[in-house]
């Protein structure tokens, strides 16, 4: 028998995890229903606030590659809003938009074997991790930012919310320690970026690393829709394409 626990329906009723959709529509908000769908239960007030913050904090970040993918797709297929949004979501990966999950997996691996979680244990785990990444010449996910070079303003705010919700724990401390150790070993400031901070938070919430990418995809969908709607009214994709063509022609003639 093929069935889903997420949603069941018949000719008269629709149920999400056993709750009548009509009642949910009247009595609950979107974060409540998403948590019910994804995790099987309504969130506690602290979890609800934290999930809401995770979603809002990734609502938009300007003309990112995923946003431009959505805008260019709409330019080529103006009838396909859904295709434009899908193109933007498909652009989320280990480098942009999907970094939380990668950073969370890294933190989990670094924490294996830790029992006491003392400050010294955390510092040692961070030093070992940074050394391994540097020796293998791999980029450490969750630290550094090409725009927020003096520190990602979202990180501090997310940690403040996590503290007020009871989700600032050992993994958050480990994430901070990794950034501090990377700064020490490289001799230059390597700030903990928002994905790195949120990686620690979701682990301290008891959620799997994959939840990080899920939150980012959900939170950014609204932003992509906003850019698609703006592209319909105030298009920039054609001008951006022309700039690329002109730059390519100039490079060819150099």
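In my numbering, the protein residues as written are 35 to 288. Positions of the beta carbon are idealized from the N, C-alpha and C atoms, including for glycine. Since this is a predicted model, take the numbers as computed values, not measurements.
Residue interval of the beta strand (DSSP E) (run including residue i)
i, result
"residue 107", "Taken as a continuous stretch (DSSP letters only), residue 107 belongs to no beta strand (DSSP E), being part of the alpha helix (DSSP H) at 99 to 110."
Closest residue to residue i among the options (Cα-Cα distance)
i, options, result
"residue 252", "107, 42, 131", "131"
"residue 142", "266, 278, 244", "244"
"residue 135", "260, 249, 280", "249"
"residue 188", "160, 74, 88, 274", "88"
"residue 90", "239, 213, 114, 232", "232"
"residue 163", "215, 92, 73, 268", "215"
"residue 86", "246, 269, 266", "246"
"residue 80", "194, 180, 137", "194"
"residue 213", "93, 69, 273, 234", "234"
"residue 72", "267, 242, 264", "242"
"residue 139", "174, 121, 111", "174"
"residue 101", "270, 151, 149", "270"
"residue 94", "178, 43, 285, 256", "256"
"residue 115", "281, 282, 263", "263"
"residue 82", "222, 254, 282, 201", "201"
"residue 184", "217, 280, 286", "217"
"residue 133", "152, 92, 203, 268", "92"
"residue 128", "261, 236, 273, 230", "230"
Unbroken alpha helix (DSSP H) run spanning residue i, endpoints
i, result
"residue 169", "153 to 169"
"residue 232", "228 to 238"
"residue 249", "244 to 267"
Beta-bridge pairing of residue i - partner residues as DSSP gives them
i, result
"residue 131", "127"
Cβ neighbours of residue i in the same chain (closer than 7 angstroms, five flanking residues each side left out)
i, result
"residue 39", "51"
"residue 210", "226"
"residue 70", "50, 51, 53, 76"
"residue 99", "125, 130"
"residue 208", "141, 144, 145, 156, 159, 160, 234"
"residue 168", "219"
Cut-off 6 angstroms between Cβ atoms - residues of its own chain near residue i, not counting five sequence neighbours on either side
i, result
"residue 67", "58"
"residue 161", "215"
"residue 258", "104, 119, 122"
"residue 84", "199, 201"
"residue 224", "177, 178, 213, 216, 217"
"residue 55", "48"
"residue 151", "204"
Close Cβ partners of residue i (< 8 angstroms) along its chain, the five nearest in sequence each way excluded
i, result
"residue 275", "106, 109"
"residue 112", "266"
Which runs of the beta strand (DSSP E) spanning at least 3 residues fall entirely within the segment 41 to 122, listed in chain order?
As far as the segment 41 to 122 is concerned, its whole beta strand (DSSP E) runs of at least 3 residues are 41 to 43, 48 to 50.
Taking the runs of the alpha helix (DSSP H) that are 4 residues or longer, which of them lie wholly in the segment 171 to 217?
Runs of the alpha helix (DSSP H) inside the segment 171 to 217: 187 to 199.
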